[in-house]
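Going down the list, the protein sequences come from chains A and B.
Residues 36 to 388 in this note's numbering are what the first sequence spells out, letter by letter.
Residues 767 to 1025 in this note's numbering are what the second sequence spells out, letter by letter.
Notes follow the structure.
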Amino acid sequence: MTRNRNAKFVKRAGPAFTFIALGTTLVAAVIVSLAIGRYPIPVARALRILIALAIPGTQPDGPAWDEEERIIIQIVRLPRIAVAALAGAGLALSGAVLQGLFRNPLVAPQIIGISSGASFGGVLAIMIGLSSYGVVGLAFAFGILSMILVFGLSRLAGGTGILSVVLSGIIVGGMFSAFVGLMQYLADPDKKLPGIVYWLLGSFVGADWTKAAVIGFPTVCAGAGLLLLRWRINLLSLGDDDASALGVPVDVLRWVCLGLVSLIVAAQVSVSGGIGWVGLVIPHFARMLVGPDHRRLLPASAIMGAIYLLLMDDLARTMVSQEIPIGILTAIVGTPIFGFMFWKTQAKGWSHD
Amino acid sequence: MTDAALSFENLGFAYKPGTWVFRGYKGVAHRGQVLAILGPNGCGKTTLLKLLTGILCAQEGLVRRNGQMGFVPQLFQVRFSYSVFDMVLMGRARRVGLFSVPSAHDENIAMESLRRLGIDNLADRAFDELSGGQRQLAIFARALAAEADILVLDEPTSALDLKNQGFILDWIRRLAREENLTVVFTTHHPDHAYAVADLTLLMLDACDFLCGSTRAVMTEDRLHQLYGTDLKRLRFEHKGQTVETFVPVYGAVRHGPTE
């Protein structure tokens, strides 16, 4: 009961404070990610390089760093940080939106079948030997294609409401997952299969500014759209009948949101492969921090998702000498966290009775 | 009497072509009136409410709404623990721009709506932690915030204990009398309709209905026809007032005509 009152106090007294804290943590995570790695660069020097890159001419007394360090920061770490932060923000935002739309806190971006479609596109590109940009392009194209299929199937079946979307997503996603399996089965086990498996596990290896733009443009545009609609998600989460009685064009609005989410998810998978347990876990954390109101939940989820994937990527590239695929890390770290939260929320439920 | 707030004519609806849930229904309710809809399970009460609010479209006939509709579904459940205030604020959906969030003005109206129902002390409570009666009141407040003229309630008393049933019935009457709202509600309790409704619609059959003033429509014979069980009209003195109500006669169910 006391904890409950505390949570309420935080909710009322501190939304601004919470967001300042989250923003500061994100900046700190970016700076730490710039500094650490196989080639450690002191934080102060990393910061000076960053400032010099951002505002040329602010370091007039000549560079106090090696050219090598500048290249590592500019060509390797900054684009990777951008991709990781955008992927995390996009996935967590998508998860929060979908959990609201489907009125179910156990929904993750994977449920609408877009990630499977995008995965198939990427695997297909690796199979036919396209470059890494070919992988990105084909994965994005198939992500969008699967979204169109989900939309078409749901319309064709004539069903209305959430259930028909979920079923269509499961059907389309299942089909593309089967195709991915088929590709893996057919792939040359020496030449192609390792690349396919590694890509499917998800990684930010090889992130450059082109990939940052590929994930950045859809994520920022669609994300901004979803953030603008953040209060409408509250209304949609009431359920179809109630929301439409309040004057919300439920069907149109839901498909607009799903379309925006699909853009984000397709962009993420195409650039960094399959990364689970971000879109499911982070919105729960955000809900504990700022409450269920999507006006605060959506921005909080996005910031926390960015922080989470930045830190996971730092782990991925520093823990052992061989880089760990990020998808494995997010699952290994995400599942016990989720289990712990499940236990805590159950405990809370008991104390209310 | 002023113009009708809500009227429907020749109303027919079928989920499958040819299988009419009901057909030819007709009725009218004015501002400040309470209309109760009675009928057995599965006769299409909720369907009728959805047609009246416009959530569903009728195959036949016409619904005229002279004012803003507010609908409260049965078994109202929220999945996220929004605060009562946030719930009431959602009533402002029509007044808030698509890409916008509620303004301070909207928040004032939401708070004022809570105050009018005397539950402003609940504003910060989680909606899903409220009792059934408090929830109904919060939803009424939301309808006030939506500036609804016509309030449509699907079985508002069915999940409540006796005290809260009376409490909500009292508020249904007050919303009609004091806020000049038109209230339409469905119920399985003829005594609830008899206590507060000016008008009653009996859904006797897909093509057979009776709609009119509660006193005229609700008779022992009609209710027997409606429910297939005996109901007795009772009249007695209680605290200096004459009370009239219907009670079902359990254990004496007959399927023939009454004596």
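We put the beta carbon where it would ideally sit given N, CA and C, even for glycine.
This one's a predicted model, so the numbers in the text were calculated from it and none came from an experiment.
Proximity of Pro839 (chain B) to chain A, defined by a Cβ-Cβ separation below 8 Å, is satisfied.
Going by DSSP, Ser773 (chain B) is part of the beta strand (DSSP E) stretching over Ala770 to Lys782. For Tyr781 (chain B), no Cβ of chain A is located within less than 8 Å of the residue's own Cβ.
Rounded to whole angstroms, the gap between the alpha carbons of Gly369 (chain A) and Val306 (chain A) is 21 Å. Segment contact: the segment 64 to 74 of chain A against the segment 106 to 119 of chain A, three or more CB-CB distances shorter than 8 Å; contact assigned. Less than 8 Å divides the Cβ of Leu935 (chain B) from the Cβ of Ala961 (chain B). Scanning its chain for C-beta atoms nearer than 6 Å, with the 5 sequence neighbours on each side dropped, one finds around Ile179 (chain A) the residues Ala301, in chain order.
Shown here, Glu103 (chain A) sits in a helix according to DSSP, grouped into three states. In the three-state reduction of the DSSP assignment, Arg138 (chain A) falls in the coil class, being assigned neither a helical nor a strand state.
Bounds of the beta strand (DSSP E) holding Glu1010 (chain B) are Gln1007 to Pro1014. Taken in chain order, the members of the segment 262 to 274 of chain A whose beta-carbon sits within less than 8 Å of a beta-carbon on chain B are Leu263, Leu264, Arg265, Trp266, Arg267, Asn269, Leu270, Ser272, Leu273 and Gly274. Arg115 (chain A) sits in a helix when the DSSP states are folded into three classes. At least one CB atom of chain B sits nearer than 8 Å to the CB of Pro327 (chain A).
When the beta-carbon positions are compared, Thr923 (chain B) and Thr953 (chain B) come within less than 8 Å of each other. Within chain A, the residues whose beta carbon sits less than 8 Å from that of Arg845 (chain B) are Arg138, Asn139, Pro140 and Ser272, listed in sequence order. Residues of chain B whose Cβ lies closer than 7 Å to the Cβ of Arg330 (chain A) are, in chain order, Val867.
Per the coordinates, the alpha-carbon of Cys973 (chain B) lies some 24 Å from the alpha-carbon of His796 (chain B).
CA-CA distance, Ile76 (chain A) to Glu104 (chain A), rounds to 7 Å. Between Leu281 (chain A) and chain B, the shortest Cβ-Cβ separation is below 8 Å. For Glu945 (chain B), no alpha helix (DSSP H) run applies, since DSSP gives it neither H nor E. Judged by DSSP in its simplified three-state form, Val829 (chain B) adopts strand. Leaving aside the five residues that flank Phe375 (chain A) on each side, none in its chain has a CB nearer than 7 Å to its CB. Collapsing the DSSP output to three states places Gly374 (chain A) in a helix. Residue-level contact check: Asp276 (chain A) touches chain B, since one or more beta carbons of chain B fall below 8 Å from its beta carbon. DSSP, reduced to helix, strand and coil, places Cys973 (chain B) outside both helices and strands of the structure shown, so it counts as coil.
Apart from sequence neighbours up to five positions away, the residues of its chain that approach Ile84 (chain A) with a beta-carbon distance below 6 Å are Trp100, Arg105 and Ile108, ordered along the chain. B:Ala876 is the residue among B:Ser897, B:Gly899, B:Ala876 and B:Gly898 whose C-alpha sits nearest the C-alpha of Ala889 (chain B). Taking 8 Å as the threshold, the shortest C-beta distance from Ala912 (chain B) to chain A falls below it.
Along the length of the segment 300 to 341 of chain A, whole alpha helix (DSSP H) runs at least 4 residues long occupy 316 to 325, reported in chain order. For Phe1002 (chain B), the pairing in a beta bridge is given by DSSP as B:Val1009.
Residue-level contact check: Gly857 (chain B) touches chain A, since one or more beta carbons of chain A fall below 8 Å from its beta carbon.
When only Cα atoms are considered, Ser847 (chain B) and Ile361 (chain A) end up about 33 Å apart.
With its beta carbon at least 8 Å from every one in chain A, Asp769 (chain B) lies outside the interface. Boundaries of the alpha helix (DSSP H) harbouring Phe252 (chain A): Trp244 to Leu263, taken from the DSSP string.
When Cβ-Cβ separations below 8 Å define contact, Asp915 (chain B) makes no contact with chain A.
Bounds of the alpha helix (DSSP H) holding Phe214 (chain A) are Ile197 to Leu221.
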